[in-house]
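Taken in order, these protein sequences are the chains called A and B.
Taken in order, the first sequence gives residues 790 to 901; the numbers are from my numbering.
Taken in order, the second sequence gives residues 206 to 373; the numbers are from my numbering.
Glycine residues also receive a C-beta, built at the ideal position from the N, C-alpha and C atoms.
First comes the structure, then the notes that go with it.
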Amino acid sequence: MNRKLVTWLDILLIVLFVILSITIILVFSSSGEGNKAVISVDEKIIGEYSLNTDLTREIKTDYGFNTVVILNGECFVLDADCRDGICISRGKISKVGESIVCLPHKLIVEIK
Amino acid sequence: MKTMVAKKVSLYGFLTAAALLFGYVEYLVPLNFIAPGIKLGISNGIVLFLIIKSKYKAAIIINIARILLSGFLFATPFSLIFSLTAGVISTVAMILLNQFKGFGVVGISVLGGTVHNIVQICVAYFTVGGGVVFYLPFLLFAGILAGMAVGFLVWIMLNKTNKIFDEI
């Protein structure tokens, strides 16, 4: 076993990946506040809602249910019966390009 | 010859069980407070350990065995597709990087972690559509950090384990 723990090439690789992720963040995150939340299941849009009106909608599909809430210009998933609850822990979104994804239910909420 | 086979079977069985156990511990202790769906990937350390030891076939077989077993035990068939594609492709990526002498354990581990997460995003892209790209930078960062941690653990493991792993 003659492999080192860390080499300069490793650090170069890590720096490249960090630069890559920062670039993607800069490209995709426009700081502008969005004005509507687009909800889609299975790549089919099932509803577009303005962020200016508070709303609670339960989305029931064959995969399960997600309760999507719009409150004070922010959108979040309040409740869901998916296995991991990742969509709930994603928290609130309000900026253009931000999204909440629930993979088990094939649900995406995207701000536009 | 017979003892060699017995050694191999017991050692690979042990490593598969260890990888499965690590995976289960991570399943029990979710790190969702850092970012949604983040895992350390300690079981990937077993695979990396075998790759550094140039046991490529064992690395791939043990990884697939672990993913299938944990898939049937704790996950859904849907998440099995994710972990299987990401697991196999990241293993192949780490094997390829291991061909170059200039990289250290941490570098190979970081590549494994990031490739794993990139592949998962790609699979997610094809199943749910474009919105998931937003997660990519966070998962990349997570892959780098987890890769560094796992690489360090494997480094310790490489120095602590005795020669039994070289004889098979």
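DSSP beta-bridge partners of residue i
i, result
"residue 845(A)", "858(A)"
"residue 836(A)", "828(A)"
"residue 276(B)", "None; residue 276(B) has no bridge partner."
"residue 888(A)", "899(A)"
"residue 865(A)", "858(A)"
"residue 904(A)", "Residue 904(A) falls outside the range modelled here, since chain A spans only 790 to 901, and no answer is possible."
"residue 853(A)", "850(A)"
"residue 231(B)", "Answer is none; residue 231(B) lacks a bridge partner."
Chain B contact residues for residue i, given Cβ-Cβ distances below 7 Å
i, result
"residue 793(A)", "309"
"residue 796(A)", "307, 308, 309 and 312"
"residue 803(A)", "315 and 349"
"residue 814(A)", "342"
Residues that residue i contacts on chain B, provided the C-beta gap is smaller than 8 Å
i, result
"residue 887(A)", "339"
"residue 806(A)", "315, 319, 345, 348 and 349"
"residue 840(A)", "Within chain B, no residue comes near residue 840(A); the closest Cβ sits about 16 Å away, beyond 8 Å."
Proximity to residue i [Cα-Cα], best of the options
i, options, result
"residue 283(B)", "893(A), 813(A), 815(A) and 885(A)", "893(A)"
"residue 845(A)", "837(A), 833(A), 834(A) and 859(A)", "859(A)"
"residue 217(B)", "244(B), 236(B), 268(B) and 245(B)", "268(B)"
"residue 285(B)", "296(B), 272(B) and 293(B)", "272(B)"
"residue 302(B)", "292(B), 314(B) and 293(B)", "314(B)"
Cβ-heavy atom distance, residue i to the ligand NAD, below 7 Å
i, result
"residue 867(A)", "In the structure shown, the ligand NAD is absent, as is every other ligand, since no ligand is present at all."
Expected contact under 8 Å - CB spacing of residue i and residue j to nearest Å
i, j, result
"residue 839(A)", "residue 824(A)", "6 Å"
Amino acids of chain B, ordered along the chain, whose beta-carbon sits closer than 9 Å to that of residue i
i, result
"residue 870(A)", "The contacting residues do not exist; residue 870(A) stays about 13 Å from chain B at best."
Beta-carbon neighbours of residue i, restricted to chain A and to distances below 7 Å
i, result
"residue 296(B)", "Simply none; closest approach about 17 Å."
Listed by chain order, chain A residues near residue i by CB distance under 8 Å
i, result
"residue 281(B)", "872 and 893"
Inspect the CB distances between the segment 354-366 of chain B and the segment 309-321 of chain B and report whether three or more fall short of 8 Å.
-> yes
State whether the segment 328-340 of chain B contacts the segment 877-897 of chain A, with contact taken as three or more CB pairs (one from each stretch) at a distance under 8 Å.
-> yes
Contact the segment 244-259 of chain B vs the segment 295-309 of chain B: 3+ CB pairs below 8 Å | yes
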